[in-house]
């Protein structure tokens with residue numbers, strides 16, 4: 004894990020006195036980002052194409068974080084955008100619901116390695132199966 008550490012090197016053999024170095028302090032830094040993961044895995048939403056916004060909510064709040072290959076948080080110097088869109092895992096499904104505002108994707112700012120998606124809803128009366 005990235006962060007500050009302290010190390011002491013010791014030398015000795017069975018029955019002999021042990022020699023120790025002075026404490027050596029160092030900082031381990033995170034590597035390059037390789038994945039974007041939720042801080043906490045959201046529950047699977049149940050949505051319905053109704054007038055009630057609660058029934059059309061995919062995500063209330065979802066915090067996405069950039070991580071390196073060792074799961075350290077990274078990207079603290081990055082300022083970019085994350086594209087969020089609804090897709091289908093299966094071929095042949097052509098009814099993809101639109102998001103609120105009748106759009107099929109939206110951009111969320113990524114600041115210091117974190118992007119927060121809030122109030123992601125499907126559009127009322129959009130295509131898709133209920």
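In the working numbering, the protein residues as written are 4 to 133.
Note that the Cβ used here is the ideal one computed from N, Cα and C, for glycine as well.
Predicted model, so just to flag it, every value in this text is computed and none were measured.
Item: So which of 43, 20, 115 and 15 has the shortest CA-CA distance to residue 82?; Value: 115
Item: Let's see if you can read the secondary structure: which residues bound the beta strand (DSSP E) around residue 8?; Value: 6–10
Item: Please name the residue or residues paired with residue 110 in a DSSP beta bridge.; Value: 86
Item: For residue 49, is the classification buried or exposed, using 16 other Cβ atoms within 10 angstroms of its Cβ as the cut-off for buried?; Value: exposed
Item: Would you check if there are 3 or more beta carbon pairs closer than 8 Å linking the stretch 96–105 to the stretch 65–81?; Value: no
Item: With three or more C-beta pairs closer than 8 Å as the rule, is the stretch 11–27 touching the stretch 38–46?; Value: no
Item: Please report the residue range of the beta strand (DSSP E) in which residue 68 lies.; Value: 60–70
Item: So, with DSSP's three-state summary, where would you put residue 119?; Value: strand
Item: Applying the 10 Å Cβ sphere with the 16-neighbour rule, what's the burial state of residue 59?; Value: buried
Item: Using the Cβ count rule (16 or more neighbours within 10 Å means buried), how would you classify residue 27?; Value: exposed
Item: Are residue 129 and residue 105 closer than 9 Å when you measure CB to CB?; Value: yes
Item: Between the Cα of residue 8 and the Cα atoms of 23, 14, 29 and 25, which residue gives the shortest distance?; Value: 29
Item: According to DSSP, simplified to helix, strand and coil, what is residue 77?; Value: coil
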